[in-house]
Amino acid sequence: MAQCWSYIHGIKLISMNKKEIKNDITREVCAFVTNLGYIIDDDGFHGSLTFMKPGAKTHDDSIEWNRSYQSAVCLNWSSDETKFDCALIDKYMKPIIEQYNNQCQPKRATA
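Following the working numbering, the numbering of the sequence shown begins with 14 at its first residue and continues without gaps.
The structure is reproduced here in structure tokens:
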């Protein structure tokens with residue numbers, strides 16, 4: 014059986030299941046937002062992560078990362094910097110998510 018190999022950020026990947034993909038994508042986004050200067054807060058239920066700058070005065074200037082939808086969202090009335098960073102996170106993560114999702118092998122149908 015032939016195996017498909019690909020490279021992303023210098024890491025060799027082979028077929029992964031959905032949980033492994035979501036975990037790796039979460040690690041990638043956490044590393045990226047940490048470099049942007051955000052503090053990461055986990056909701057404790059493994060559904061979303063909240064990113065806030067250390068100097069943020071309210072939660073209105075936070076970015077939420079949904080692990081299921083694999084996207085960043087912020088409020089309409091967030092600061093321009095927060096909106097820009099939210100768009101930047103999505104733009105950075107889109108090709109990474111596509112690359113990881115290509116690694117997912119569908120389960121075989123059982124009869």
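A virtual CB, placed ideally from N, CA and C, is assigned to each residue, including glycine.
Residue range 31–48 is occupied by the alpha helix (DSSP H) that includes Asn48.
For secondary structure counted as the beta strand (DSSP E) over 3 or more consecutive residues, the region 54–87 holds these complete runs in sequence order: 61–65, 75–79, 84–86.
For Tyr105, the enclosing alpha helix (DSSP H) stretches over residues 93–114. If you draw a 10 Å sphere on the C-beta of Ser81, you find fewer than 16 other C-beta atoms in it, and that means exposed. At a Cβ-Cβ threshold of 7 Å, Asp54 and Thr63 count as neighbours.
Nearest neighbour of Ser92 by Cα position, chosen from Ile76, Lys31, Met106, Tyr105, turns out to be Ile76.
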